[in-house]
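K.L.:
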Amino acid sequence: MKRILLVFLLSIAPLAIAQNFENLWEDHFSYVSVKDISQGDDRIFVGTDNAIFTYDLSTEEITTLSSVQGLAGEPITTIHYSSQTNLLLIGYQDGLIEVVTIDQENEVLKVVDIRDKQNIPPNKKRINHFTEHQGKIYISAGFGVSVYDLERLEFRDSYFIGDFGSQINISQTTILAPYIYAASTQGGIRRAVLNNDNIIDFQEWELVTQGDYTAVQTLGTRVLIANTNNTVFRLNAGNTLQQVATFSSPIRDFKVNNGVLTISTSTSIQAYDQGFVLKAAVESLPDFNYTLQTGYSFNDTFYLGSALKGLLKVAYNTNQTTQILPDGPLLNTPFALDATAGQLWVSFGAVTVSFNPYPLDRKGISNLKEGIWTNISHDELTETLGVNAVNDIVNISIDKQNPETVYFSSFLSGLLKVENQVPTILYNETNSALENPVFGGNNAGIRLYGSDFDRNGNLWVLQSLTDDALLRLSPNGQFQSFDVSNISGGRDELAYSKLAISREGFVFFSPVQTGLAAFNPATNQFRAIGADDTGGGLPSTDIRALAFDTQNRLWIGTLRGLRVLFSPGTFFSNTADVSASAIIFADDEGVGQELLFEQTITDIEVDGSNNKWIATASSGVFYLSANGQQTLLRFTSENSPLPSDNVQDIAIDPFTGEVFFATINGLVSYKGTSTAPRDTLEDVFVFPNPVRPQYQGSVTIDGLTARANVKITDLEGNLVFQQTSQGGSITWDTTAFGKYKVASGVYFVLITTEDALETKIKKIMIIR
Numbered sequence: 066m067k068r069i070l071l072v073f074l075l076s077i078a079p080l081a082i083a084q085n086f087e088n089l090w091e092d093h094f095s096y097v098s099v100k101d102i103s104q105g106d107d108r109i110f111v112g113t114d115n116a117i118f119t120y121d122l123s124t125e126e127i128t129t130l131s132s133v134q135g136l137a138g139e140p141i142t143t144i145h146y147s148s149q150t151n152l153l154l155i156g157y158q159d160g161l162i163e164v165v166t167i168d169q170e171n172e173v174l175k176v177v178d179i180r181d182k183q184n185i186p187p188n189k190k191r192i193n194h195f196t197e198h199q200g201k202i203y204i205s206a207g208f209g210v211s212v213y214d215l216e217r218l219e220f221r222d223s224y225f226i227g228d229f230g231s232q233i234n235i236s237q238t239t240i241l242a243p244y245i246y247a248a249s250t251q252g253g254i255r256r257a258v259l260n261n262d263n264i265i266d267f268q269e270w271e272l273v274t275q276g277d278y279t280a281v282q283t284l285g286t287r288v289l290i291a292n293t294n295n296t297v298f299r300l301n302a303g304n305t306l307q308q309v310a311t312f313s314s315p316i317r318d319f320k321v322n323n324g325v326l327t328i329s330t331s332t333s334i335q336a337y338d339q340g341f342v343l344k345a346a347v348e349s350l351p352d353f354n355y356t357l358q359t360g361y362s363f364n365d366t367f368y369l370g371s372a373l374k375g376l377l378k379v380a381y382n383t384n385q386t387t388q389i390l391p392d393g394p395l396l397n398t399p400f401a402l403d404a405t406a407g408q409l410w411v412s413f414g415a416v417t418v419s420f421n422p423y424p425l426d427r428k429g430i431s432n433l434k435e436g437i438w439t440n441i442s443h444d445e446l447t448e449t450l451g452v453n454a455v456n457d458i459v460n461i462s463i464d465k466q467n468p469e470t471v472y473f474s475s476f477l478s479g480l481l482k483v484e485n486q487v488p489t490i491l492y493n494e495t496n497s498a499l500e501n502p503v504f505g506g507n508n509a510g511i512r513l514y515g516s517d518f519d520r521n522g523n524l525w526v527l528q529s530l531t532d533d534a535l536l537r538l539s540p541n542g543q544f545q546s547f548d549v550s551n552i553s554g555g556r557d558e559l560a561y562s563k564l565a566i567s568r569e570g571f572v573f574f575s576p577v578q579t580g581l582a583a584f585n586p587a588t589n590q591f592r593a594i595g596a597d598d599t600g601g602g603l604p605s606t607d608i609r610a611l612a613f614d615t616q617n618r619l620w621i622g623t624l625r626g627l628r629v630l631f632s633p634g635t636f637f638s639n640t641a642d643v644s645a646s647a648i649i650f651a652d653d654e655g656v657g658q659e660l661l662f663e664q665t666i667t668d669i670e671v672d673g674s675n676n677k678w679i680a681t682a683s684s685g686v687f688y689l690s691a692n693g694q695q696t697l698l699r700f701t702s703e704n705s706p707l708p709s710d711n712v713q714d715i716a717i718d719p720f721t722g723e724v725f726f727a728t729i730n731g732l733v734s735y736k737g738t739s740t741a742p743r744d745t746l747e748d749v750f751v752f753p754n755p756v757r758p759q760y761q762g763s764v765t766i767d768g769l770t771a772r773a774n775v776k777i778t779d780l781e782g783n784l785v786f787q788q789t790s791q792g793g794s795i796t797w798d799t800t801a802f803g804k805y806k807v808a809s810g811v812y813f814v815l816i817t818t819e820d821a822l823e824t825k826i827k828k829i830m831i832i833r
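Just remember that the working numbering sits 65 ahead of the position in the sequence shown, which is counted from 1.
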């Protein structure tokens, strides 16, 4: 009956059921930053940056809930669990509210009333707090108070309770019959009779006391309030205030649970009984240097919500601490990625769009290997290297010949080498050819960015603010620098960003004020092309992505669109007219359109099928066919678990085909099927097999060699599919050359290598 009622309400209320993506996606979020805590039904619910985790008090089991299960992936501001309805409410910075049906497949309902309200400015839609009372949720928000019916799953009224009905920020509400009290950082403490039929009228709200207040809670028969000066008052008869406590650090949270008031400051947590007598407190913990953002107490135990340590569990009157934290990377601000078979590296440094490294990011690096995260913090880098400056790590290059060796480019500190997950050396001006240039009398720092390995194991890397901007690091650790000032602005160039190496060994790189440059190590020759107005064909000289595909074509992503250099092998030919070209496709009306026109492209990666994954700064991710004429997939924060449409980097595991996306709100991955080619057909496999009636997707044939010929026939030998692989896998949509779905039965997959020296036969069972 409850399910039938829910379906009916969804047809009349502005709610939507979120899609679950667990079959095709995986989240890789960090849970270290705890924003809010709730409790009920023997579980602790923890809201972090953009995801939720729960801690079972009986089994100590941790489970997570994220955009992969249908959450928005946006910044979370508050949560509340209702034991009466088994519903978890999640409030967001942008005004969205999600209602999760716990223990019923975690179905997620999106309540968009506040988020989509036109008369509320975006900066006033923040959801600050939930108060539950008699089947209703009173929502404290940046504009006032709203009411949500938990039983009917309906959004009710909104109260604009500022002077003359203005919108004021309400940080928290509480109820002490017959009143509802609201604390405002702009309008004091206000109250109204809760059962007043005209409560929507701002004139029915009484100003109890003026001031700037961050919190209000009911403790026993009294109302307690906290102001922005970190002072706590008891509201007495006649609306007089009695000061009961003052704290030296900012009050971060103010919660009442089972007659206990928990006050969390940035450095401490306290529990008070109904008489405001201190029961227990934590001022510091010997093994954790923490900053608190929220806190909770339950069953004589504190739960500290920290900014960087996750959830800390401490029994009253002890310092015995248990860290409760799901596995994940250091942070939810991934900037650069690189992957090889079975592992992924992540860095969190960043620069602005104009390549400003300030304020400095001291955030460490993370490694995902065999499903386990290893995190190396900035402090650990400092301790290991003995150098107190590895900042703004903006690029990663894994040595594909020796995947346990990884190089990290810092846009201030030099080149970091990590071996077997251990930082071993930081190359800087004291031990290498890297320069620390002086500008305006100050050291500008060693600003490294793009890097790539050539076939001989040399690492090529770019340094900004110097004439010798191109450097080569040999496998034996020797540096050689090359002066690029004859084809670029040299030390006056704003930055040198991306670098990629062609099949011929030409080193292509991007001086952002010049365009596309290249160096031929065999002849020591340089050449560069620029924007359209200089004949170079680029929509912008500011290149942010370079990638060679399996046909040796150079795909170029700029701040204003996409280009392809179809013949990079002729770049140094004296007779060649070198120019980059746009991809033109026909729209639905047959009119030619430029692919990704004016899009800011942040990364391009080529998968095992020679298809292109393209990241953008505002439009999510595009998955293009090998020639770019077809958009095979398009992922945004609206139709996928991407937590943001601003995607900063992409990396692909060549063995599994898994595609990782670094967004400004966290890291997720798509379980792609395009893999790198194998050396033999020994490991060919087909999945799913059998293909059952409920399956609507394609069949993948994986483990192929490059340019293997794949034919699929029925039992009578009738050919229904044929394709030559570009990488290590192909997909079949189970149709006869795209005309109609094939019938139930057994089908043969006949695979032959390009040289016809090896064959393999597999069977597929299709059940319609």
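C-beta atoms are modelled at their ideal positions from N, C-alpha and C, and glycine is treated no differently.
Please state whether DSSP places valine 814 in a helix, a strand or coil.
P.N.:
DSSP places valine 814 in strand when its eight states are reduced to three.
K.L.:
What first and last residue would you give for the beta strand (DSSP E) that runs through threonine 447?
P.N.:
Here threonine 447 belongs to no beta strand (DSSP E); instead the alpha helix (DSSP H) covers 443-450.
K.L.:
Per DSSP, what kind of secondary structure is arginine 556 in: helix, strand or coil?
P.N.:
Arginine 556: helix per DSSP, three-state reduction.
K.L.:
Hey, how far is the Cα of serine 131 from the Cα of asparagine 521?
P.N.:
Straight-line Cα distance between these residues: approximately 43 Å.
K.L.:
For isoleucine 254 versus isoleucine 290, is the C-beta spacing smaller than 7 Å?
P.N.:
Yes, Cβ-Cβ distance for isoleucine 254 and isoleucine 290 is below 7 Å.
K.L.:
Tell me the start and end of each unbroken beta strand (DSSP E) in the region 598-682 that is at least 3 residues and wholly inside, in chain order.
P.N.:
List check, beta strand (DSSP E) in window: 608-613, 619-623, 626-630, 649-651, 657-659, 666-671, 677-681.
K.L.:
Got a sec, what are the start and stop residues for the beta strand (DSSP E) alanine 808 sits in?
P.N.:
Premise fails: alanine 808 is in no beta strand (DSSP E) and is neither H nor E.
K.L.:
List the DSSP bridge partners of glutamate 723.
P.N.:
Lys736.
K.L.:
Between the beta-carbon of asparagine 432 and the beta-carbon of glutamine 388, is there less than 7 Å?
P.N.:
For asparagine 432 and glutamine 388, no; Cβs fall outside 7 Å.
K.L.:
Identify every run of the beta strand (DSSP E) within the region 160-234, keeping only runs that are complete inside it and at least 3 residues long; order them along the chain.
P.N.:
Complete beta strand (DSSP E) runs here, min 3: 162-166, 172-176, 192-198, 201-206, 210-214, 219-224.
K.L.:
On the DSSP letters alone, give me the boundaries of the beta strand (DSSP E) that histidine 145 sits inside.
P.N.:
141-147 is the span of the beta strand (DSSP E), which, as asked, contains histidine 145.
K.L.:
Between the region 156-166 and the region 175-195, can you find at least three pairs of beta-carbon atoms closer than 8 Å?
P.N.:
Touching, yes, given that three or more Cβ pairs across the two stretches are closer than 8 Å.
K.L.:
From which residue to which residue does the beta strand (DSSP E) around asparagine 292 run?
P.N.:
Run containing asparagine 292: 287-292, per the beta strand (DSSP E) assignment.
K.L.:
List the whole-angstrom C-beta distance separating leucine 499 from glutamine 528, where the pair is believed to meet the contact cut-off of C-beta under 8 Å.
P.N.:
Right, the Cβ-Cβ distance comes to about 6 Å (below 8 Å), so this counts as a contact.
K.L.:
Identify, in the order they occur along the chain, each residue of the same chain with its Cβ nearer than 8 Å to the Cβ of aspartate 352, setting aside the five sequence neighbours on each side.
P.N.:
Closer than 8 Å at Cβ, skipping near neighbours: Thr386.
K.L.:
On the DSSP letters alone, give me the boundaries of the beta strand (DSSP E) that glycine 276 sits inside.
P.N.:
Segment: none, glycine 276 is in no beta strand (DSSP E) and carries neither H nor E.
K.L.:
Can you tell me the Cβ-Cβ gap for threonine 789 and valine 764, rounded? I've got them flagged as a contact below 8 Å.
P.N.:
Wrong, their Cβ atoms sit about 17 Å apart, outside the cutoff.
K.L.:
Using 8 Å for Cβ pairs, my map puts asparagine 585 next to phenylalanine 637. What's the rounded Cβ distance?
P.N.:
About 5 Å; that satisfies the 8 Å criterion.
K.L.:
Is it the case that the Cβ atoms of asparagine 783 and threonine 817 are separated by a distance below 7 Å?
P.N.:
No, they are not a contact pair.
K.L.:
Exposed or buried, which one is glycine 622 when buried takes at least 16 other CB atoms within 10 Å?
P.N.:
Classification of glycine 622: buried, given that the 10 Å Cβ count is 16 or more.
K.L.:
Taking Cβ to Cβ, would you say isoleucine 265 is nearer than 7 Å to glutamine 251?
P.N.:
Against a cut-off of 7 Å, the Cβ pair of glutamine 251 and isoleucine 265 comes out as no contact.
K.L.:
Spatial neighbours of histidine 198 within its chain, please: CB distance less than 6 Å, with the 5 preceding and 5 following residues excluded, ordered by chain position.
P.N.:
Contacts found: Ile240.
K.L.:
Do the CB positions of valine 756 and glycine 737 come within less than 7 Å of each other?
P.N.:
No, they are not a contact pair.
K.L.:
Taking threonine 129 as part of the beta strand (DSSP E), name the residues at either end of that continuous run.
P.N.:
It spans 127-130 - the beta strand (DSSP E) in which threonine 129 sits, taken as one unbroken run.
K.L.:
Could you say which of Asn263, Asn151, Ala691, Asp519 lies nearest to glycine 200 if we only look at CA atoms?
P.N.:
With distances taken between Cα atoms, glycine 200 lies closest to Asn151.
K.L.:
Residue range of the beta strand (DSSP E) that isoleucine 831 falls in?
P.N.:
From DSSP, the beta strand (DSSP E) with isoleucine 831 extends over 824-831.
K.L.:
Note down the Cα distance separating leucine 630 from leucine 619, rounded to an integer number of angstroms.
P.N.:
The alpha-carbon atoms of leucine 630 and leucine 619 are separated by roughly 5 Å.
K.L.:
Taking buried to mean at least 16 other C-beta atoms within 10 Å of its own C-beta, is glutamate 216 buried or exposed?
P.N.:
So glutamate 216 counts as exposed.
K.L.:
Using the Cα positions of glutamate 823 and tryptophan 797, report the straight-line distance between them to the nearest angstrom.
P.N.:
Distance between the alpha carbons of glutamate 823 and tryptophan 797: 22 Å.
K.L.:
Does the count of Cβ pairs from the region 705-722 and the region 96-109 closer than 8 Å reach three?
P.N.:
The region 705-722 is not in contact with the region 96-109.
K.L.:
Confirm, please, whether the CB-CB distance from threonine 667 to alanine 680 is below 7 Å.
P.N.:
Yes, these two residues count as a Cβ contact at 7 Å.
K.L.:
Report buried or exposed for proline 79, applying the criterion of at least 16 other Cβ atoms within 10 angstroms of its Cβ.
P.N.:
With a pLDDT of only 49 at proline 79, under the threshold of 50, the placement of this residue in the model should not be trusted, and no figure is reported.
K.L.:
Decide yes or no for the touch test of the region 741-753 against the region 692-702: beta carbon pairs closer than 8 Å, at least 3 of them.
P.N.:
Judged by Cβ distances under 8 Å, the region 741-753 makes no contact with the region 692-702, as fewer than three pairs qualify.
K.L.:
Considering only DSSP beta bridges, list what valine 297 is partnered with.
P.N.:
Its beta-bridge partners are Ala291, Ala310.
K.L.:
State yes or no: is the C-beta of asparagine 676 within less than 7 Å of the C-beta of serine 690?
P.N.:
Yes; because the gap between Cβ atoms is below 7 Å, this pair is in contact.
K.L.:
Name the DSSP bridge partner or partners of lysine 344?
P.N.:
The partner list for lysine 344 (beta bridge, DSSP) is empty, contrary to what the question assumes.
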